[in-house]
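The structure appears right after this line, and notes come after that.
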Amino acid sequence: MDPQTGKHLHTRQIIGIFPILELNVDDVDVPLENPTTTCLDIFFLVSSILMHIVDVAIDINLAVRYLLAKKITYFIWTTVFILLPSFINVIISRRMQQQDDKINETSNPSKFKCVHAMLTKKLCCLVLVAFQLAPVLRYYRTLKYALYAYKFEKQGNRNAQRRYYLKMLGEDQDVALLRVSECFLEAAPQQILQLTILLKHYHSDINFEFIHQVASIVSSLGSMGWAMASYHRSIRLAQQDKLNIGITGTILQFLWHFCTTVSRILSLSVVASMWPLYTAIGCIFHWICMTIWIIVDSRGILEFCRNSNHAPHCSPKIKERIYSVLFSIVIGVIHVFIYLNTVDGSTFLKHVFFYIICFVENITATAFWIYASSDEVKNSWYFNVLIVLCIVPFLLGITAMTVYYGVFHPSLKHQNCANTRV
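When you number the sequence shown by my numbering, it's gap-free, plus one each residue, and the end is 525.
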């Protein structure tokens with residue numbers, strides 16, 4: 104198989120698993136003829152690396168403070184929510200590296216021997232897990248390709264510049280998947296945990312622990328918003344044969360996912376501050392239902408887990424099906440917070456079904472909190488604020504989604520242009 108073709112298939116598999124931007128049904132557009140790497144691209148990559156490192160450092164620092172304060176239960180849960188998502192991200196990154204090795208087995212990987220070793224050697228993987236470095240390594244490779252493309256563009260070497268630009272897009276596709284998984288496997292649960300602890304023990308006093316809790320929540324929210332925005336951008340850049348989403352459409356996409364996720368996190372946090380066990384049971388039940396739904400319709404995930412040497416027309420092997428089920432379980436966790444389509448095709452009814460369930464769950468959680476809260480909580484300044492934030496952002500997000508699909512979806516614009524020409 105040609106390396107470029109193989110990489111394109113790899114990209115399509117990732118987009119098929121996480122098509123947050125529903126571009127799969129768009130009509131084709133003219134491929135990018137003059138790729139350009141700007142200082143803004145490099146700034147985004149450097150900022151993404153720094154924000155990830157800061158977010159991880161704050162979470163680790165908070166876990167250490169819980170340990171020093173002898174709050175062992177909070178220390179254990181904070182550590183679990185740091186290490187477990189990192190472990191999953193390393194596994195996904197290793198799978199990507201295996202696919203890349205198959206595709207580029209004839210090429211020279213000498214430029215990234217260190218990165219390759221860290222993703223393939225088990226001892227190095229432990230370091231990646233401990234410090235959540237899997238996305239950083241992918242960011243590093245993307246940044247290197249971006250710098251090469253920028254350098255050759257300044258030198259006027261268009262062939263080399265285009266070659267490294269396309270490599271940058273390919274790597275950015277890989278890191279996009281890691282960004283999304285890190286966003287909803289680590290940042291979102293970490294926010295729920297810290298908000299729950301904060302609501303459970305907040306008594307209007309401000310100390311160093313309170314400041315670190317707020318910093319962890321804010322950094323996770325910032326990391327989530329940045330991840331979603333940069334993910335949208337990377338998908339649009341890589342979809343060279345598709346119509347791009349305009350600025351308004353991109354803003355609506357961001358508002359849609361960010362607002363619904365914030366509402367979801369707050370709703371789960373307020374009820375977990377009173378009944379953590381029952382909240383966990385409810386989330387597990389939701390996760391199991393979503394996982395079953397994904398497994399029943401798991402063609403996109405099965406393609407990602409398929410051995411590249413295995414002919415596409417052959418039935419998946421048992422090992423591939425096991426990997427597919429395990430990956431579906433991971434995607435099921437993400438579905439606790441947000442809907443991600445795993446197969447091509449119409450998603451309208453799926454969105455309606457998923458968001459109705461989430462809205463009912465959010466309303467129920469908020470109602471329980473209103474009914475069962477103590478008088479001290481009901482008289483606090485944040486009580487009514489949280490009630491509004493549990494409901495209103497979700498409605499804003501659904502409104503943004505409706506406006507996007509009804510007015511600003513690229514396929515609609517293309518259809519309108521075609522009708523105008525007729």
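The beta-carbon is built from N, C-alpha and C at its ideal position, and this holds for glycine as well.
A quick note: this is a predicted structure, and the numbers were derived from the prediction, not measured.
query                                                                                                                        : result
Nearest candidate by alpha-carbon position, reference residue 152, set 252, 279, 270 and 185                                 : 279
Three CB pairs or more closer than 8 Å across the region 489 to 501 and the region 358 to 378                                : yes
Per-residue DSSP class, three states only, for residue 400                                                                   : coil
When 368, 436, 511 and 253 are compared against residue 270, the one with the closest alpha-carbon                           : 253
Other residues of its chain near residue 122: CB distance less than 6 Å, five sequence neighbours each side excluded         : Any answer about residue 122 is weak, because its pLDDT of 38 lies below 50 and its placement is not dependable; what the coordinates show is given next. The residues are 444.
Spatially closest choice to residue 266 from 178, 277, 247 and 422, by CA coordinates                                        : 247
When 441, 487, 196 and 375 are compared against residue 304, the one with the closest alpha-carbon                           : 375
Host alpha helix (DSSP H) of residue 438 (start-end)                                                                         : From DSSP, residue 438 is part of no alpha helix (DSSP H); its letter is neither H nor E.
Distance, residue 476 Cα to residue 179 Cα                                                                                   : 27 Å
Residue 148 versus 249, 174 and 157, residue with shortest Cα-Cα distance                                                    : 249
Buried versus exposed call for residue 293 [16 or more other C-beta atoms within 10 Å across all chains shown]               : buried
Residue 133, buried or exposed, once every other Cβ within 10 Å from all chains shown has been counted against 16            : Because the pLDDT of residue 133 is 33, which lies under 50, any placement of that residue in the model is unreliable, and the number read from its coordinates should be weighed accordingly. Residue 133 should be labelled exposed.
Residue closest to residue 281, alpha-carbon to alpha-carbon, out of 262, 158, 191 and 390                                   : 191
Neighbourhood of residue 238 by C-beta distance below 7 Å, restricted to the same chain and skipping five residues each side : 155, 192, 278, 281, 282 and 285
Simplified DSSP state of residue 129, which is helix, strand or coil                                                         : For residue 129, the predicted model reports a pLDDT of 34, less than 50, meaning its position is unreliable; a value from the coordinates is still stated below. Residue state, collapsed to three classes: coil.
Beta-carbon separation (whole angstroms), residue 384 vs residue 291, contact threshold 8 Å                                  : Contact doesn't hold; Cβ gap of about 18 Å is too wide.
Simplified DSSP assignment, three categories, for residue 352                                                                : helix
Top-ranked residue by Cα proximity to residue 490, from 142, 370 and 396                                                     : 370
C-alpha distance - residue 472 paired with residue 317, whole-angstrom precision                                             : 21 Å
Own chain, CB closer than 6 Å to residue 364, minus 5 neighbours either side, in chain order                                 : 440 and 441
Residue 162 vs residue 181 beta-carbon contact at 8 Å                                                                        : yes
Closest residue to residue 188 among 354, 289 and 457 (Cα-Cα distance)                                                       : 289
Buried/exposed call for residue 350, threshold 16 Cβ in 10 Å                                                                 : exposed
CA nearest to the CA of residue 236, picked from 268, 276, 185 and 261                                                       : 185
Reference residue 464; option with closest CA among 299, 390 and 262                                                         : 390
Residue 172 (DSSP reduced to helix, strand or coil)                                                                          : coil
Assigned secondary structure, residue 259 (DSSP; H/G/I helix, E/B strand, else coil)                                         : coil
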